[in-house]
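The structure under discussion appears below in the form of structure tokens.
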Amino acid sequence: MSAIAAAFAACREEKRAAFIPYLTAGDPDLARSAELLEALAAGGADLVELGVPFSDPIADGPVNQRAAERALASGTTLAGVLRLVAEQRERLGLPIVLFTYFNPIHRRGIERFAEQAESSGVDGVLCLDLPPEESGELAEALEQREVDPIYLLAPTSTRRRIKRVDALSRGFVYYVSRTGVTGQREHLPSYLLKQVKRLRRRLARPLAVGFGISTPEQVAEVASVADGVVVGSALVELVELHAGSRDLPGRLEREVARLRAGVDGNGGGRADFAQAGG
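In the working numbering, the protein residues as written are 1 to 278.
Here's what the structure looks like:
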């Protein structure tokens with residue numbers, strides 16, 4: 001069983017969903033990112049999603065786009081992100097999923113990237129713009145090194161795509177709560193909870209839901225039907241607003257704890273995924 005699958009199984013035993021915060025690596029710089037990762041862990045994260053900054057983040061809204069720009073301006077590269085993971089992975093004691101686009105992987109070379117991801121301690125890779133039909137080479141390279149490839153589903157996904165993604169994903173499946181880009185929303189889509197309930201019945205893998213979840217109340221709603229809840233833009237915006245504050249790690253830890261409270265006592269686990277996704 002992979003570290004990611006084990007984290008979901010542990011949350012299932014606690015009868016709750018996993019809480020998965022997201023930050024962009026290198027925002028405001030890699031040295032501060034190390035402090036912020038520790039704040040995520042201290043605030044109660046079960047897994048961490050770490051964004052690799054990219055110049056054309058087509059799936060990201062304005063908040064995450066600005067974070068990528070700041071990270072690139074600070075000199076952050078894929079190599080630097082991998083070094084950050086290598087330095088922090090054991091200290092954090094949490095699975096780390098890289099949230100990336102394919103271009104940085106392609107430039108580095110698929111085999112080289114997979115080798116370095118493994119040696120750095122990366123537990124999973126979610127490549128946003130690489131569809132499963134074109135991901136065979138990367139998926140094979142990652143699986144050979146026991147790094148989980150993770151794929152996306154969306155409200156528009158067909159039954160055929162759902163089946164394919166479930167078969168190819170390891171660790172968990174990431175469900176995009178709505179069509180469009182990342183970013184905070186005042187309300188969750190009206191169809192979301194019913195759709196997640198229906199989708200979970202079709203999947204062998206745990207299902208984590210992200211995009212647009214930004215308050216403890218929204219976390220609690222999603223946690224009542226999903227196996228994991230991802231919060232990104234709300235935390236990235238906090239980093240943006242308080243990047244110059246000495247207390248930024250403390251602010252982030254408190255906000256993660258506030259959001260994480262939404263998963264406690266809500267949702268969490270099915271009997272049928274404990275053996276899935278090894």
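All residues carry an ideal CB built from backbone N, CA and C; glycine is no exception.
Beta-carbon spacing of residue i, residue j below 9 Å
i	j	result
GLU228	ALA9	Correcting the residue type first, residue 228 is Gly in the shown sequence and not Glu. For GLY228 and ALA9, no; Cβs fall outside 9 Å.
TYR101	PRO57	yes
VAL48	PRO104	no
LEU142	ALA114	yes
PRO131	VAL173	no
THR215	GLY262	yes
ASP310	ILE4	This structure does not reach residue 310, given that the chain is present from 1 up to 278, and the question cannot be answered.
LEU279	GLN218	Because the chain is modelled from 1 through 278, residue 279 falls outside the range shown and cannot be assessed.
LEU37	GLN88	yes
ARG12	ALA223	no
LEU30	ARG83	yes
ALA226	ALA208	yes
ALA39	VAL256	yes
Residue i versus residue j: straight-line alpha-carbon distance, rounded
i	j	result
VAL52	LEU152	17 Å
ASN64	VAL236	7 Å
GLY61	VAL176	13 Å
GLU221	SER233	18 Å
ALA139	LEU98	14 Å
ARG112	VAL81	15 Å
ARG200	GLY44	25 Å
LEU72	LEU252	22 Å
PRO28	ALA34	11 Å
LEU126	GLY244	30 Å
LEU50	ALA7	17 Å
VAL239	PHE54	18 Å
GLY109	GLY136	14 Å
GLU14	GLY121	26 Å
ARG160	ARG32	43 Å
LEU92	ALA41	6 Å
Residue i - DSSP class collapsed to helix/strand/coil
i	result
ALA261	coil
PHE54	coil
PRO292	Any property of residue 292 remains undetermined from this structure, which presents the chain solely from 1 to 278.
LYS15	coil
PRO206	coil
GLY80	helix
LEU192	helix
VAL236	helix
THR102	Reading the sequence as shown, one finds Phe at residue 102 and not Thr. In this structure, PHE102 counts as helix in the three-state DSSP scheme.
PRO122	It should be noted that the sequence gives Val, not Pro, for residue 122. The answer is coil: DSSP assigns VAL122 none of H, G, I, E or B.
LEU23	strand
GLY75	coil
ILE213	coil
GLY61	coil
VAL173	strand
VAL225	coil
Buried versus exposed, by CB contacts within 10 Å (16 or more), residue i
i	result
ARG246	exposed
GLN144	exposed
LEU241	exposed
ALA167	exposed
THR24	buried
SER169	buried
THR156	exposed
ARG70	buried
THR76	buried
GLY180	Interpretation of GLY180 is limited by its pLDDT of 46, a score under 50 that renders its predicted location unreliable; the figure taken from the coordinates is listed afterwards. It counts as exposed.
8 Å contact criterion, which residue i and residue j should meet: CB distance rounded
i	j	result
ILE162	GLY124	No, ILE162 and GLY124 are not in contact; Cβ-Cβ is about 19 Å, not under 8 Å.
SER2	GLY171	6 Å
VAL231	ILE213	5 Å
GLU146	GLU118	7 Å
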